[in-house]
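Enquirer:
Protein chains: 2
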Amino acid sequence: MAELSPLAPSSFPIMPVINGLSFGTAATAMKYQGRDDLMLMLADEGSVFAGCFTTSKTASAPVHLSRHGIASGAARAVITNAGNANAFTGMRGEQAIMAYRDIFASALNIAPEGLLIASTGVIGEVLEADFILKMKDKILNQLGHSSWKEAAEAIRTTDTFAKGATTKVSVSGQTVTINGIAKGSGMIAPDMATMLAYIGTDAAISQNCLQTLLARASDKSFNAITVDSDTSTSDSVYLVATGHADITQITDPDSSEAAAFFDGLIAVMTDLAQQIVRDGEGAQKFVTIHVTGAKDAAEAKKIGLAVGNSPLVKTAIAGEDANWGRIVMAVGKSGAEADRDKLQIKIGGYLVAENGAAVEAFDERPIALHMQGPEVDIGIDIGLGSGTATIWTCDLTHGYITINGDYRS
Amino acid sequence: MAELSPLAPSSFPIMPVINGLSFGTAATAMKYQGRDDLMLMLADEGSVFAGCFTTSKTASAPVHLSRHGIASGAARAVITNAGNANAFTGMRGEQAIMAYRDIFASALNIAPEGLLIASTGVIGEVLEADFILKMKDKILNQLGHSSWKEAAEAIRTTDTFAKGATTKVSVSGQTVTINGIAKGSGMIAPDMATMLAYIGTDAAISQNCLQTLLARASDKSFNAITVDSDTSTSDSVYLVATGHADITQITDPDSSEAAAFFDGLIAVMTDLAQQIVRDGEGAQKFVTIHVTGAKDAAEAKKIGLAVGNSPLVKTAIAGEDANWGRIVMAVGKSGAEADRDKLQIKIGGYLVAENGAAVEAFDERPIALHMQGPEVDIGIDIGLGSGTATIWTCDLTHGYITINGDYRS
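Those sequence lines, one after another, are chains A and B. Quick note: the first sequence, position 216, residue 216 per my numbering, numbers continuous. Add 409 to a position in the second sequence, counting from 1, and you land on the number used in my numbering.
(1) If I measure Cβ to Cβ from R101 (chain A) and keep anything under 7 Å in the same chain, skipping five residues before and after, which residues do I get?
(2) What residue does the beta strand (DSSP E) around M269 (chain A) start on, and which one ends it?
(3) Step through the CB atoms of chain B and report whether any lies within less than 7 Å of the CB of F286 (chain A).
(4) If contact means a Cβ-Cβ distance below 7 Å, which residues of the stretch 110-134 of chain A contact chain B?
(5) Cα separation between F12 (chain A) and N813 (chain B)?
(6) Excluding the 5 residues flanking V768 (chain B) on each side, which residues of the same chain have their C-beta closer than 8 Å to its C-beta?
(7) If you drop the 5 nearest sequence neighbours on each side, which residues of the same chain put their C-beta closer than 8 Å to that of T434 (chain B)?
(8) On the DSSP letters alone, give me the boundaries of the beta strand (DSSP E) that H699 (chain B) sits inside.
(9) Considering only the alpha carbon of each residue, which of A:E375, A:G385 and A:D406 lies closest to L410 (chain A)?
(10) Among the residues of its own chain, which have a CB less than 7 Å from the CB of L7 (chain A), if the five just before and after it don't count?
(11) Specify, as a first and last residue, the run of the alpha helix (DSSP H) that Y509 (chain B) falls within.
(12) Does DSSP classify S218 (chain A) as helix, strand or coil?
(13) Under 6 Å Cβ to Cβ from D655 (chain B), same chain only, skipping five residues before and after it: list those, please.
(14) Helix, strand or coil: how does DSSP classify E3 (chain A) here?
(15) In the DSSP assignment, find the unbroken alpha helix (DSSP H) run with S47 (chain A) in it and report its ends.
(16) Taking only the alpha-carbon atoms, compute the straight-line gap between G673 (chain B) and D680 (chain B) and give it to the nearest angstrom.
(17) Can a CB atom of chain B be found closer than 7 Å to the CB of I188 (chain A)?
(18) Can you tell which of A:T160, A:G349, A:M30 and A:F261 has its C-alpha closest to the C-alpha of T80 (chain A)?
(19) How should R565 (chain B) be labelled, buried or exposed, when 16 other C-beta atoms within 10 angstroms of its C-beta is the threshold for buried?
(20) Check this for me: beta carbons of I810 (chain B) and I317 (chain A), under 7 Å apart or not?
(21) Name the chain B residues whose beta carbon is nearer than 8 Å to that of I79 (chain A)?
(22) Is L821 (chain B) close to chain A, meaning its C-beta is less than 7 Å from at least one C-beta of that chain?
(23) For the stretch 724-744 of chain B, which residues have a CB atom closer than 9 Å to at least one CB atom of chain A, in sequence order?
(24) In three-state terms, what does DSSP make of E150 (chain A)?
(25) Do P425 (chain B) and T586 (chain B) come within 7 Å of each other at the CB atom, strictly closer than that value?
(26) Tell me whether S630 (chain B) is buried or exposed, calling it buried when 16 or more other Cβ atoms sit within 10 Å of its Cβ.
(27) So is D815 (chain B) in contact with chain A if we call contact Cβ pairs under 7 Å?
(28) By the 10 Å Cβ neighbour count, where 16 or more other Cβ atoms means buried, how is N208 (chain A) classified, buried or exposed?
(29) Run the CB neighbour count on D611 (chain B), radius 10 Å, all protein chains shown included, and call it buried at 16 or more, exposed below.
(30) By Cβ distance, which residues of its chain are closer than 6 Å to Q274 (chain A), with the 5 residues on each side in sequence left out?
(31) Taking all protein chains shown into account, decide if D804 (chain B) is buried (16 or more other Cβ within 10 angstroms of its Cβ) or exposed.
(32) For L714 (chain B), which residues from the same chain have a beta carbon less than 7 Å from its beta carbon, with the 5 sequence-adjacent residues on both sides left out?
(33) Note down, in chain order, every chain A residue with its Cβ under 7 Å from the Cβ of H779 (chain B).
(34) Return the CA-CA distance between A494 (chain B) and A241 (chain A), expressed in angstroms with no decimal places.
(35) Counting only C-beta atoms, is H398 (chain A) closer than 7 Å to chain B at any point?
(36) 7 Å is my cut-off, CB to CB: does A8 (chain A) come that close to chain B?
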């Protein structure tokens, strides 16, 4: 069992109930022994689902089915297993899903395409449906009795801690609750795939509006983190709105009601995304890269990701070296517009380079102290426009190589 | 001093003289002690230069000046120093170059812009021109007396071995010689920047034609290797044709004479590029990724580079694990067109996956043996078109982290 990440939060948050949303968990023993590894999330009739999925061209069968299920408008539940991603398993992988999906959907009294599928774990091994099928009665009896925390525990693979976040926002004078859980510790761990997230709210929101808000929030949260630049074949984010809160249904993503909800949504999703980085394989430092002055927001993000994915920047941070030369190099290779002589770089808030060169005779001591801490802040001003972006990543350490390269020995 | 890479070639090749091209080397003691670190390459009047440079938006002052020098048509010589890249040094860096360029050009009796500049080493420290200036008489006296091998030794930074390659080809019945030397061991080593290459030939070729052939050959050699996906601010490849061979000047890059010359050029450049990968920081395995069946050549290269840059693929190779699931993941994230169910993956020539799933019951033993060797071959057929590409890379090991992250301790 992996040691708890040194960057883990102190505890799992206390999560309020979301009316209209229930969980059940069970232990299949498919791969893990002595722990739950199957999680069912069911939403009341009238709930609305949105989803964002991996951009991988080799996405897994569960991703294809979930995309279809959300598009159908019939989505009511998600069943998730940990230990086998059922990815790149061809026709047999899809047959395995068909062997349990319709039976569970029927037992839940929902349409077959209304049961979404998520699987995380080994790639390339066909899932044995029997492990899931034999837990049907148990997990159905458990529905409504499992907590958000138990659901978060059941979906873990190489995660060293369960991830949850919660917030309340006021929409039209009424309180709306937003909860979320997630798993993920590298973009792909040793044979363990996937970032998965489940967000639930009692807000009343139309499906189109919910999907728009989820896509916008994903762009600034789960799509703004990077552990190792690798993209899983199974990444999925689900957002369900049960509509139990006493508000008029939000239908316009640009309304003030949507903006109020979005504030809470982005807070929960950013919290979860940052927890995934804090659980990055071998991570010893949590790194925030704040890019300003780029030509536009897309260019700012491109620069932030180039810096956050650079092995040379990430190893320098592991070595506690304020190596701004490597940051300049990464800005240069990003492909975004940049002018060497307009760049300004700060580390821990201290200016280290501007106007195309190092700041003359700066005091290295406070910067060295900052680099020795567990949280490293890099500020990059491009000096060309008003585009900004924030990216979160972690350092690249011997621990990453050990987890991903030495696991056979 | 770093240990010799386990993937190093057995010896430096015997390099014939290229008529019309001479070298001088000297020791400035700017950074390294007890070794030459300054190299001057001079070509006879009538010689023609071509160059390919980093695509970095934060390219160094030497790169800007060399680009300009080649475009001017006046290029006759390159002066190179190892130990300080003079990159991201702003106005003071350019002033440092101006303090020695014109003096050397005048002593060589060539136009100032005819002296190209290359610098490799620490980023962000202003070069002290005095170190170079004081060696003027010594290096001019040495001109014509230094060998290709001595020139290759003088430009080393973190390289664990000097890199050279040579070949002869027949053009219109006459023998043409092509020699090359290079340095580079990571895209950027700890504070040591840069891949540099110098290729010389006695062929007679017009400048436009030479530039076209160099760009085509770079695309399939130096631009087809990756150690850590990072791009230096100083990468430069110089190609000089002295015209001393007894052939009619080649002016059409699509002529049969140009094709004959190109065969030799690509052989020398591929050899040098592969030596840089073999000297990759911490490299224990040399990896060839051969992509076929992509939509076109550009898509094939995109896929090959995504696989070659994937930390998860590279750590799996370090761990001697035939982890084809990670290869599928990297193909999927490349952005190139791919169909999960048409992919075919071979490792060491053995088929491991096809039609969207693992080959059933394949014999793992010969594949495990292949993974244990120092040369790993990955074959990826996309099954969509006729685009092919070959990419060379190395594994990602604890040695890379030590070199790039632990150097302060």
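The beta carbon of each residue, even a glycine, is placed where N, CA and C say it ideally should be.
Expert: Quick look at the numbers:
(1) Translated into positions along the first sequence, residue 101 (chain A) becomes position 101. Taken in chain order, the residues that qualify are P112, L115 and I117.
(2) Within the first sequence, numbered from 1, the residue matching residue 269 (chain A) stands at position 269. Premise fails: M269 (chain A) lies in the alpha helix (DSSP H), S256 to R278, not in any beta strand (DSSP E).
(3) Here residue 286 (chain A) refers to the residue found at position 286 when the first sequence is read from its first residue. Not closer than 7 Å to any Cβ of chain B, the Cβ of F286 (chain A) fails to qualify, so no.
(4) I123 and G124
(5) For this step, residue 12 (chain A) is matched to residue 12 along the first sequence. For this step, residue 813 (chain B) is matched to residue 404 along the second sequence. Cα to Cα, F12 (chain A) sits roughly 35 Å from N813 (chain B).
(6) If you number the second sequence from 1, residue 768 (chain B) lands on position 359. Excluding residues within five positions, the ones whose Cβ falls inside 8 Å are L760, V761 and A762.
(7) Sequence index remark: in the second sequence, residue 434 (chain B) carries index 25 (1-based). Counting only Cβ-Cβ distances below 8 Å, and skipping sequence neighbours, we find D445, L447, M448, L449, I548, Q551, S555, E559, A560, E562 and A563.
(8) Sequence index remark: in the second sequence, residue 699 (chain B) carries index 290 (1-based). First-last of the beta strand (DSSP E) with H699 (chain B): F695 to A703.
(9) With chain A covering only 1 through 409, there is no way to say anything about residue 410 (chain A).
(10) One-based indexing of the first sequence puts residue 7 (chain A) at position 7. These residues qualify, in order along the chain: R278, A283, F286 and P374.
(11) Indexing the second sequence from 1 puts residue 509 (chain B) at position 100. Note, Y509 (chain B): alpha helix (DSSP H), G499 to L517.
(12) Looking up residue 218 (chain A) in the first sequence gives position 218. Three-state DSSP puts S218 (chain A) in a helix.
(13) Translated into the one-based positions of the second sequence, residue 655 (chain B) becomes position 246. Excluding residues within five positions, the ones whose Cβ falls inside 6 Å are Q583.
(14) Numbered from its first residue, the first sequence carries residue 3 (chain A) at position 3. Here E3 (chain A) sits in coil by DSSP.
(15) Stepping through the first sequence from its first residue, residue 47 (chain A) is reached at position 47. No alpha helix (DSSP H) holds S47 (chain A); DSSP gives it neither H nor E.
(16) Against the second sequence, residue 673 (chain B) aligns to sequence position 264. Against the second sequence, residue 680 (chain B) aligns to sequence position 271. When rounded, the distance between both Cα atoms is 11 Å.
(17) The residue labelled residue 188 (chain A) in the question sits at position 188 within the first sequence. No answer about I188 (chain A) holds up, because its pLDDT of 42 lies below 50 and its placement is not dependable.
(18) Numbered from its first residue, the first sequence carries residue 80 (chain A) at position 80. The option with the nearest alpha carbon to T80 (chain A) is A:M30.
(19) Residue 565 (chain B) sits at position 156 when you count from the first residue of the second sequence. Looking at its Cβ environment, which holds 16 or more other Cβ atoms inside 10 Å, R565 (chain B) is buried.
(20) On the second sequence, position 401 is the one that residue 810 (chain B) refers to. On the first sequence, position 317 is the one that residue 317 (chain A) refers to. Against a cut-off of 7 Å, the Cβ pair of I317 (chain A) and I810 (chain B) comes out as no contact.
(21) The residue given as residue 79 (chain A) occupies position 79 in the first sequence. Those within 8 Å of I79 (chain A) in chain B number zero; the least Cβ separation is about 22 Å.
(22) The first residue shown for chain B is 410 and the last is 818, placing residue 821 (chain B) beyond what the model contains.
(23) T724, A725, I726, A727, G728, E729, D730, N732, W733, G734, R735, V737, M738, A739, V740, G741, K742, S743 and G744
(24) In the first sequence, the residue the question calls residue 150 (chain A) occupies position 150. Note: E150 (chain A) maps to helix in three-state DSSP.
(25) Taking the first residue of the second sequence as 1, we reach residue 586 (chain B) at position 177. Taking the first residue of the second sequence as 1, we reach residue 425 (chain B) at position 16. A contact, by the Cβ cut-off of 7 Å.
(26) Along the second sequence, one-based indexing puts residue 630 (chain B) at 221. Buried, because 16 or more other Cβ atoms sit within 10 Å of the Cβ of S630 (chain B).
(27) Numbered from its first residue, the second sequence carries residue 815 (chain B) at position 406. Yes, D815 (chain B) lies at the interface with chain A (some Cβ there is under 7 Å from its Cβ).
(28) Residue 208 (chain A) sits at position 208 when you count from the first residue of the first sequence. Classification for N208 (chain A): exposed.
(29) The count along the second sequence starts at 1 and reaches residue 611 (chain B) at position 202. Buried, because 16 or more other Cβ atoms sit within 10 Å of the Cβ of D611 (chain B).
(30) Taking the first residue of the first sequence as 1, we reach residue 274 (chain A) at position 274. Around Q274 (chain A): W392.
(31) Along the second sequence, one-based indexing puts residue 804 (chain B) at 395. Buried, because 16 or more other Cβ atoms sit within 10 Å of the Cβ of D804 (chain B).
(32) As a first step, residue 714 (chain B) is located in the second sequence; it is residue number 305 there, counting from the start. T635 and I800, listed in sequence order.
(33) By 1-based counting over the second sequence, the position of residue 779 (chain B) is 370. Residues of chain A passing the Cβ test: none, with the nearest at roughly 15 Å.
(34) Position 85 of the second sequence, counted from the first residue, corresponds to residue 494 (chain B). Position 241 of the first sequence, counted from the first residue, corresponds to residue 241 (chain A). C-alpha separation (whole angstroms): 56 Å.
(35) As a working mapping, residue 398 (chain A) is identified with position 398 in the first sequence. Judged by the 7 Å Cβ criterion, H398 (chain A) is in contact with chain B.
(36) Here residue 8 (chain A) corresponds to residue number 8 of the first sequence, with the count starting at 1. Judged by the 7 Å Cβ criterion, A8 (chain A) is not in contact with chain B.
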